[in-house]
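**Q** Chains as they are written, first to last, in my numbering: chain A, 394 to 534; chain B, 394 to 534. Even glycine gets a Cβ: it sits at the ideal position worked out from N, Cα and C. There's a structure below that I have some questions on.
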DNA sequence: TACATACCTGACTAAAATGGTCAAGTTTAG
DNA sequence: CTAAACTTGACCATTTTAGTCAGGTATGTA
């Protein structure tokens, strides 16, 4: 079980945005430099964040990104879903009439992973960007 | 973020074992057939479970595996750790003096993943094999 | 004692996911 | 009109996953 960098990068970038977008849009270049994340990779991530209406973009010189909602309205679950960092547990095909692993019944752990999924999602639904801002009033660059 | 099959297989196999090892040791072959898991893969998994004293083995004809403790004493966290299915979050090198991503300070999400890790582990520490047995009194084969 | 059964070990591998890079744009402020 | 910034999509090296394969070794039973 593993948490990947993409979700972490997305959260880091948005915290950065929340801190710096108050006056002007923030360019990915700036975020890249401040957070040490590859610019090209950031572009992929922000493309998804934009599709999910978490950020808005302005083109051209002095352009960049801003949050489309207030930090306390952006929950971590929104961010992680946007970049496809969902909790994937059992791969039992829900379509199929069969249970897990081709058996007639559900595998004995089926409910377990469901519970875990709920458990983790609850955690992410409670946390907002605002919560992270509070814990990190020290400067980062 | 993803949960892999290895951990799921380990739990499935141990639930199977808990149900059938009361009289004789259970052969991996039987578990393989009942649970639809490759025999060779099961051997790898059980090798780790044995190293971590979760199961005991008997060789020879009529041999097989039995649990080394009672089902209520085996927590999911023990099982998942045994098969290296730990929760891995940030890859910040703890050795290094530097913070995450080569920055001087901890990345803004550092504490977040720590919290999540604790949150998930708490879940696994509460659940025992016994708990899974209760929820699955229906037959599985 | 033979031998089948079952555990044990380690090397190997196809496929997928991860964590990016690279190239070629389009848009717009100045 | 041009540089800064967003946009899109193809591409790729590495690592992980989920096994397979090939050989063992140990031992209960006939």
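1) Can you say whether residue 416 of chain A is buried or exposed, counting buried as having 16 or more other CB atoms within 10 angstroms of its CB?
2) Tell me, please, whether the CB atom of residue 404 of chain A is closer than 7 Å to any CB atom in chain B?
3) Note down, in chain order, each residue of its chain lying with its Cβ closer than 7 Å to the Cβ of residue 550 of chain A, except the 5 sequence neighbours on either side.
4) Pop quiz: residue 400 of chain A and residue 448 of chain A are said to be a contact at Cβ under 8 Å. What is the actual Cβ separation, rounded to whole angstroms?
5) In the DSSP assignment, find the alpha helix (DSSP H) that holds residue 460 of chain B and state where it starts and stops.
6) What number of angstroms, rounded off, separates the C-alpha of residue 467 of chain A from the C-alpha of residue 507 of chain B?
7) Just the C-alpha distance for residue 504 of chain B and residue 424 of chain B, rounded to the nearest angstrom, thanks.
8) In terms of residue numbering, what span does the beta strand (DSSP E) encompassing residue 451 of chain A cover?
9) Does residue 419 of chain B have its Cβ less than 7 Å from a Cβ in chain A?
10) Find out if the Cβ-Cβ distance for the pair residue 403 of chain A, residue 522 of chain A is shorter than 7 Å.
11) Would you list the one or two residues that DSSP bridges to residue 521 of chain A?
12) Closest to residue 431 of chain A by C-alpha separation, out of A:398, A:418, A:453, A:461, would be which residue?
**A** For this structure:
1) Position 23 of the first chain holds residue 416 of chain A. Per the 10 Å Cβ criterion, exposed.
2) Position 11 of the first chain holds residue 404 of chain A. Taking 7 Å as the threshold, the shortest C-beta distance from residue 404 of chain A to chain B falls below it.
3) Outside the shown range of chain A (394 to 534) lies residue 550 of chain A, about which nothing can therefore be said.
4) In the first chain, residue 400 of chain A corresponds to position 7, counting from 1. In the first chain, residue 448 of chain A corresponds to position 55, counting from 1. No, residue 400 of chain A and residue 448 of chain A are not in contact; Cβ-Cβ is about 16 Å, not under 8 Å.
5) Indexing the second chain from 1 puts residue 460 of chain B at position 67. It is not in any alpha helix (DSSP H) - residue 460 of chain B instead sits in the beta strand (DSSP E) that spans 457-460.
6) In the first chain, residue 467 of chain A corresponds to position 74, counting from 1. In the second chain, residue 507 of chain B corresponds to position 114, counting from 1. Those two C-alpha atoms are separated by around 20 Å.
7) Here residue 504 of chain B refers to the residue found at position 111 when the second chain is read from its first residue. Here residue 424 of chain B refers to the residue found at position 31 when the second chain is read from its first residue. Roughly 41 Å between the two C-alpha positions.
8) Here residue 451 of chain A refers to the residue found at position 58 of the first chain. Run containing residue 451 of chain A: 448-451, per the beta strand (DSSP E) assignment.
9) For the purposes of this step, residue 419 of chain B is taken as the residue at position 26 of the second chain. Among the CB atoms of chain A, none fall inside 7 Å of the CB of residue 419 of chain B.
10) As a working mapping, residue 403 of chain A is identified with position 10 in the first chain. As a working mapping, residue 522 of chain A is identified with position 129 in the first chain. In this structure, residue 522 of chain A does not lie closer than 7 Å to residue 403 of chain A by Cβ.
11) Looking up residue 521 of chain A in the first chain gives position 128. In the DSSP assignment, the residues bridged to residue 521 of chain A are A:468.
12) Translated into positions along the first chain, residue 431 of chain A becomes position 38. Sorting A:398, A:418, A:453, A:461 by C-alpha distance to the C-alpha of residue 431 of chain A places A:398 at the top.
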